[in-house]
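What follows is a single structure, written as structure tokens, with notes after it.
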Ligand code: CA
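Residue numbers (the numbering used here): 482 to 821.
Have a look at this one:
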């Protein structure tokens, strides 16, 4: 055997050893669809659907998602980035995030490409990191701009409708307008447009009076599969009376999703009523209602989870969190801590 042949055989041997090690490694640590090689909440639950008044996984188990809402996209661009989403998954244990696309007031309608870019960044991050994402049309008068809503959700459904991560929220908080003659017709139109592209992902519909009159919606529910209704509360203002309305809707078979709530007063500011917050958490826990807290922002108001000038990329210490932020982060760790 000459030295050239020996060298060749050594190379072949080394190659065989390395290949078999790689094979063993891939069996021990199977690669997931996300870039972090860990089992994610979306790996666990997969494609969600609505069964009666509950959200269920693709295996039929009841699912309760808990996480944070981002702030109006046109005013809080800084947290619409991958590293912030990753921090909220890893450090806050969020299983869902809500991307709140501002519609009017210098939002999507005046700057469609700019706002769509922010939303896509968050959606792409959530897909890569294996958490759910609510794509929220953050408007108080969406029925006045139905064409824009259709264009927006058609684009989202076309790009992402085959991904289990996506939850559509088509009308954040209608004001004091009729469910029967204003909101429901709007919802039927937008849902039809989404369903032509995405036949199955959950669609959350806002309800009258800042998404509080879920009982009114439950008297005349939307026809179609995988529809949930938005219930919003601010704990220091909205109390047992609102929980009673929610109970009526649940009894009628409607699935509720608290896509937004605050620990404080209705204006996003004021005091935190810890007793009422506890009643609400108990209520949501008992009824298996998913929730997102308002909000990941560093503005000067009680509901803002972060103090002024918080790092856009996460890495927040306790001293960077507001009183509400500390309370909610602890709730997420307590309730979601076992799963990413
Ligand atoms: Ca789908």
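Even glycine gets a Cβ: it sits at the ideal position worked out from N, Cα and C.
Being a predicted model, the structure only gives us computed values, none of them experimental.
Taking 6 angstroms as the cut-off, the C-beta of residue 682 counts as close to a heavy atom of ligand 1. Put simply, the backbone Cα of residue 791 is about 31 angstroms away from that of residue 634.
Annotation for residue 795: 564, 565 and 568 place their beta carbon closer than 6 angstroms to its own, counting only its chain and skipping 5 residues before and after. A residue is called buried once 16 or more other Cβ atoms fall within 10 Å of its Cβ, and residue 755, having fewer, is exposed.
When secondary structure is reduced to three states using DSSP, residue 773 falls in the strand class. Secondary structure of residue 660 (DSSP, three-state): helix.
Judged by the Cβ position, residue 642 qualifies as a neighbour of ligand 1 at the 6 angstroms threshold, a heavy atom of the ligand being closer than this. Distances between the C-beta of residue 679 and the heavy atoms of ligand 1 include at least one below 6 angstroms.
Of the candidates 521, 548 and 559, the residue whose Cα lies closest to the Cα of residue 780 is 559. For residue 589, the CB contacts under 6 angstroms within the same chain, skipping 5 residues up- and downstream, are 582 and 596 in chain order.
The alpha-carbon of residue 799 is positioned some 15 angstroms away from that of residue 793. Going by DSSP, residue 525 is part of the alpha helix (DSSP H) stretching over 522 to 526.
Residue environment: residue 619 is assigned as buried (16 or more neighbouring CB atoms within 10 Å of its CB, all protein chains considered).
Around the beta carbon of residue 759, fewer than 16 other beta carbons sit within 10 angstroms, so the residue counts as exposed.
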